[in-house]
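In full-length UniProt numbering, the protein residues as written are 1 to 300.
See structure below.
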């Protein structure tokens, strides 16, 4: 029976060559993406900024709608087609999107590291990346085996393929699928498939390629149940992240504890966070929370 650790964990990412959280405060954050700096809204940053002035190439100014909207304003030239960045061996394109992010989620970097640690040097693992977006996580996981990458957005999957080419990883064993994540997972259960690891990053609300509607409060339990059916006592992990919802990581952990009661392993939960760069570029400053997570791991 999987054992639930009730104490919350903090999974914190630090700076790397092409990304850093420079400063945060007053509901905003200043980030470094390669040679460019941007200001974005950040409701979790309730403290005061450390730096007196923020020198940025652009800022995302939110609209009046709480759930989205807004536009980028630029003070310096920024390549609208994007520019290349790297995380370890994975190269990808960063660009200013209408959704206030830059085409990838840097707070996921410690998650990618953690998943590779669970696979412990395997090169023949079978992995499933649901709501995989632009594919940086799939590229990272592909060093451990075969990855099935699922996202409902044709544009995101096309960008993921381009990122694989940019990284010289287009020959990696990755299946790029435009599909509804919940429906695909249910089909995999009916096919009797199994995986060594699953990562899922469901949005609060979304639509599938055939106008399927996803609401996390209605669909998450069934999706996690299907994911459980794709894992067995020899599988290594499931990692679930959730952003921008009125939900506790403990509730996610409780869901996993119920679904994984018949498997060995450990269930943990907590916050994803990014650590600010301190003076001199060292990442030992404040922690900025970004999401909640729950995970199952099977070290045996």
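Note that CB positions come from ideal geometry on N, CA and C, so glycine has one too.
query                                                                                                                                                                              : result
For residue 256, I'd like the list of residues in its chain whose CB is within less than 6 angstroms of its CB, leaving aside the five on either flank, ordered along the chain.   : 267, 294 and 296
Restricting to Cα atoms, I'd like to know which of 252, 81 and 125 is closest to residue 4.                                                                                        : 252
For residue 131 versus residue 107, is the C-beta distance shorter than 8 angstroms?                                                                                               : no
Any idea what DSSP makes of residue 256, helix, strand or coil?                                                                                                                    : helix
Using 8 angstroms as the threshold, is the C-beta distance between residue 118 and residue 210 below it?                                                                           : no
Taking all protein chains shown into account, do 16 or more other C-beta atoms lie within 10 angstroms of the C-beta of residue 25, making it buried, or fewer, making it exposed? : buried
Please report the straight-line C-alpha distance between residue 148 and residue 48, rounded to a whole angstrom.                                                                  : 42 angstroms
What is the rounded straight-line gap between the Cα of residue 215 and the Cα of residue 204?                                                                                     : 6 angstroms
Tell me whether residue 93 sits in a helix, a strand or coil according to DSSP, three-state version.                                                                               : strand
Apply the 10 Å Cβ neighbour rule to residue 1 and answer buried if 16 or more other Cβ atoms are within range, or exposed otherwise.                                               : exposed
What is the C-beta distance between residue 94 and residue 139, in whole angstroms, given that I count them as a contact (C-beta under 8 angstroms)?                               : About 14 angstroms separates the two Cβ atoms, so there is no contact after all.
Taking the alpha-carbon positions, what's the residue 275 to residue 190 distance?                                                                                                 : 42 angstroms
Take residue 75 as the anchor and find which of 59, 69, 217 and 83 has the nearest alpha-carbon.                                                                                   : 59
Could you check what DSSP says for residue 114 in three-state terms: helix, strand or coil?                                                                                        : helix
Anyone know if the C-beta pair for residue 310 and residue 78 falls short of 8 angstroms?                                                                                          : Only positions 1 to 300 of the chain appear in this structure, which leaves residue 310 out of reach.
Is the beta carbon of residue 199 less than 8 angstroms from the beta carbon of residue 230?                                                                                       : no
For residue 45 versus residue 28, is the C-beta spacing smaller than 8 angstroms?                                                                                                  : yes
I think residue 50 touches residue 23, with their Cβ atoms under 8 angstroms apart; what is that distance to the nearest whole Å?                                                  : 5 angstroms
In whole angstroms, give me the CA-to-CA distance for residue 91 and residue 208.                                                                                                  : 27 angstroms
In chain order, what are the residue ranges of uninterrupted alpha helix (DSSP H) at least 4 long that sit wholly in the region 145 to 204?                                        : 154 to 166 and 181 to 191
Quick check: what's the CA-CA separation for residue 250 versus residue 270?                                                                                                       : 7 angstroms
Going by alpha carbons, who is nearest to residue 133 out of 173, 112 and 153?                                                                                                     : 153
Determine the contact status of residue 261 and residue 223, defining contact as a CB-CB distance below 8 angstroms.                                                               : no
Only counting the same chain, and skipping five residues up and downstream in sequence, which positions put a Cβ closer than 8 angstroms to that of residue 288?                   : 21, 24, 29, 42, 44, 45, 273, 274, 275 and 276
Take the Cβ of residue 123 as the centre, count every other Cβ of all protein chains shown within 10 Å, and call the residue buried at 16 or more, exposed below.                  : exposed
Look up residue 1 in the DSSP assignment and say whether it is helix, strand or coil.                                                                                              : coil
Check this for me: beta carbons of residue 145 and residue 125, under 8 angstroms apart or not?                                                                                    : yes
Sort 175, 38 and 213 by Cα distance to residue 72 and report the nearest one.                                                                                                      : 38
Would you identify the three-state DSSP class for residue 30, choosing helix, strand or coil?                                                                                      : strand
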